[in-house]
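K.L.:
Numbering (this note's numbering), first residue to last: 5 to 165. One structure, as structure tokens, below. Some questions next.
This is how it looks when you write it as structure tokens:
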């Protein structure tokens, strides 16, 4: 029975491959991931810098290219953000990562896992900061600090129109 199942599976994959359906499915999947990435970018682009009156988009800390989305399963996605601090010794890079975490957790309407990194070579302590940003316990502890929570809220809250 297993041999028949494997033969049917192999035959169907060849039929899809030869008919071009396999390629069409990959094109549709790629398009869907690009749309999800734009949806994610639309959420993070308006986050304000903790020190400046500008958004992360205006400062080019985040760009459309810094967002990657991968499908994990049925309507579940892995979101990878790679942001670039404005200077290699930016003291607020961890806070920017925290703002990205908070805003995406609040605003994304679909099931997701989130990984946030500093773009390679853009910060002097990127490895340490990447560990902090992606440690759920550290993120939760940081958000319990009222002063830090207030700063994050100011950065992630949308301005009134």
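Glycine residues also receive a C-beta, built at the ideal position from the N, C-alpha and C atoms.
Quick one: measure Cβ to Cβ for residue 49 and residue 42, integer angstroms, because I've assumed they're closer than 8 Å.
P.N.:
With a Cβ gap of about 10 Å, residue 49 and residue 42 do not count as contacting.
K.L.:
Can you give the Cα-Cα distance for residue 76 and residue 116, rounded to whole angstroms?
P.N.:
In a straight line, the C-alpha of residue 76 is about 9 Å away from that of residue 116.
K.L.:
Should residue 32 be labelled buried (16 or more other beta-carbon atoms within 10 Å of its own) or exposed?
P.N.:
With fewer than 16 Cβ atoms within 10 Å of its Cβ, residue 32 is classed as exposed.
K.L.:
So, are the CB atoms of residue 227 and residue 84 less than 8 Å apart?
P.N.:
For residue 227 there is no data in the structure shown, the boundaries of the chain being 5 and 165.
K.L.:
Measuring alpha carbon to alpha carbon, tell me which of 63, 130, 111 ends up nearest residue 160.
P.N.:
Of the candidates 63, 130, 111, the one whose C-alpha sits nearest the C-alpha of residue 160 is 111.
K.L.:
State the DSSP-derived secondary structure class of residue 152, mapped to helix, strand or coil.
P.N.:
Residue 152: helix per DSSP, three-state reduction.
K.L.:
In this structure, does DSSP put residue 126 in helix, strand or coil?
P.N.:
Reduced to three states, the DSSP call for residue 126 is coil.
K.L.:
Indicate whether at least one CB of chain C lies closer than 8 Å to the CB of residue 30.
P.N.:
Included in the structure is just one protein chain, with no chain C present.
K.L.:
Excluding the 5 residues preceding and the 5 following residue 146 in the sequence, name in chain order all residues of the same chain whose CB lies nearer than 7 Å to its CB.
P.N.:
Hits under 7 Å: 102, 152.
K.L.:
Which residue spans inside the segment 79-144 form an unbroken alpha helix (DSSP H) run of at least 4?
P.N.:
Within the segment 79-144, the complete alpha helix (DSSP H) runs of at least 4 residues are 97-111, 130-137.
K.L.:
So what's residue 60 in DSSP terms, helix, strand or just coil?
P.N.:
It is coil, neither helix nor strand.
K.L.:
Please state the DSSP three-state secondary structure of residue 55.
P.N.:
The answer is coil: DSSP assigns residue 55 none of H, G, I, E or B.
K.L.:
Can you tell me whether residue 66 is helix, strand or coil according to DSSP?
P.N.:
In this structure, residue 66 counts as coil in the three-state DSSP scheme.
K.L.:
Please classify residue 127 as buried or exposed, where buried requires at least 16 other C-beta atoms within 10 Å of its C-beta.
P.N.:
Buried, since its Cβ has 16 or more Cβ neighbours within 10 Å.
K.L.:
In whole angstroms, what separates the C-alpha of residue 92 from that of residue 132?
P.N.:
Cα to Cα, the separation comes out at about 14 Å.
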